[in-house]
Amino acid sequence: MWCSICKCLADSVLCEQCREALHKVGYAYLYNDRCKVCNQSVLDSVYGCPNCLDNLLVYGPYESLLASLINRYKQGGELQLLPLLSELYVPMIKTIAKPLLLPIPSSLQGRKARGFDQMMKIASYLQKKYEIPYLNVFTHTRTRQYKQLNRLERSSYISLKLSKTGSSKLEKVLAEGFQPVIIDDIRTTGFTSTQASILIENTYSIKTKIIVLADA
Ligand SMILES: [Zn+2]
Ligand SMILES: [Zn+2]
Numbered sequence: 050m051w052c053s054i055c056k057c058l059a060d061s062v063l064c065e066q067c068r069e070a071l072h073k074v075g076y077a078y079l080y081n082d083r084c085k086v087c088n089q090s091v092l093d094s095v096y097g098c099p100n101c102l103d104n105l106l107v108y109g110p111y112e113s114l115l116a117s118l119i120n121r122y123k124q125g126g127e128l129q130l131l132p133l134l135s136e137l138y139v140p141m142i143k144t145i146a147k148p149l150l151l152p153i154p155s156s157l158q159g160r161k162a163r164g165f166d167q168m169m170k171i172a173s174y175l176q177k178k179y180e181i182p183y184l185n186v187f188t189h190t191r192t193r194q195y196k197q198l199n200r201l202e203r204s205s206y207i208s209l210k211l212s213k214t215g216s217s218k219l220e221k222v223l224a225e226g227f228q229p230v231i232i233d234d235i236r237t238t239g240f241t242s243t244q245a246s247i248l249i250e251n252t253y254s255i256k257t258k259i260i261v262l263a264d265a
């Protein structure tokens, strides 16, 4: 097997050195302080904990190795990075009892350019490998605003609504006590994932969790 990052011969998707390098760009390594309530890594427990305050879990900052891996997968379409990136979500998901993943769909232009939906692929990988269930509940809606955007703005613009089939399935699953967990890759302004969590919370009166790989 070849290491997904440096392409040297390795025992798993990563060689030992790259595994360590990836660990070192995560908050679990970067932050020494721990939240006294949930035990997540925090910059300083005095400033509060994103998990306790906003139900938000993030692997690391959108920089260096983490940013380049996400871009190689997302923009470069390097599907061999799928197992590696999916695995980064697992420890965060494991802090939640009975998680139900709700992936954020990629922008319409993004999916067209790349030929796949990056978060859907990750959710489906996690379901197959770890039996963590997921549902596609979000779909795009084109608001009036959308029409006024230029091409570049449209490539990242996402406005979501609940799909009909998705929302009736979701209602059933939530009644079984599952915890909805919105998953996305990058949280830039927090806009898309926040929008999705408000949508779920307003429709079902249930608190959602948000898990992302990187915040920018
Ligand atoms: Zn390597
Ligand atoms: Zn906490």
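Numbering of the sequence shown is given in the working numbering, commencing with residue 50 and proceeding in unit increments.
Heads up, the beta-carbon is just placed ideally off N, CA and C, and yes, glycines get one too.
Determine, using beta carbons only, whether residue i and residue j come nearer to each other than 8 Å.
i    : j    : result
P229 : L151 : yes
A263 : V139 : no
D233 : K123 : no
L114 : L63  : no
D103 : V91  : no
P154 : M169 : yes
A265 : Y78  : no
N185 : G215 : yes
Following a CB-centred definition, is residue i positioned closer than 7 Å to any heavy atom of ligand 2?
i    : result
N100 : yes
V95  : no
V86  : yes
Q228 : no
Q197 : no
Q89  : yes
Below 7 Å, is the gap between the Cβ of residue i and the nearest heavy atom of ligand 1?
i    : result
L270 : Since the first residue shown for the chain is 50 and the last is 265, residue 270 is missing from the structure and cannot be characterised.
Q244 : no
Q129 : no
A265 : no
Q298 : A question about residue 298 goes unanswered here, because the residues of the chain that appear run from 50 up to 265.
A59  : yes
Beta-carbon within less than 7 Å of residue i's beta-carbon, same chain only, minus the 5 sequence neighbours each way: which residues are those?
i    : result
R244 : Per the sequence shown, the amino acid found at residue 244 is Gln instead of Arg. L209, listed in sequence order.
T237 : A265
A59  : M50, W51 and C52
Ignore the nearest five residues each way along the sequence and tell me which others in residue i's own chain have a CB closer than 6 Å to its CB.
i    : result
M141 : L106 and I260
Identify, in the order they occur along the chain, each residue of the same chain with its Cβ nearer than 8 Å to the Cβ of residue i, setting aside the five sequence neighbours on each side.
i    : result
R121 : E127 and L130
Give, in chain order, every unbroken run of the alpha helix (DSSP H) that is at least 4 residues long and sits entirely within the stretch 168–254. As far as the stretch 168–254 is concerned, its whole alpha helix (DSSP H) runs of at least 4 residues are 193–196, 200–205, 213–224 and 240–253.
Report the residue ranges of all beta strand (DSSP E) runs contained in full by the stretch 81–134; include only those spanning at least 3 residues, in chain order. Counting whole runs of 3 or more residues, the stretch 81–134 contains the beta strand (DSSP E) stretches 105–110.
Counting Cβ pairs, one atom from each stretch, are 3 or more of them under 8 Å apart for the stretch 125–143 and the stretch 210–226? The stretch 125–143 vs the stretch 210–226: no contact.
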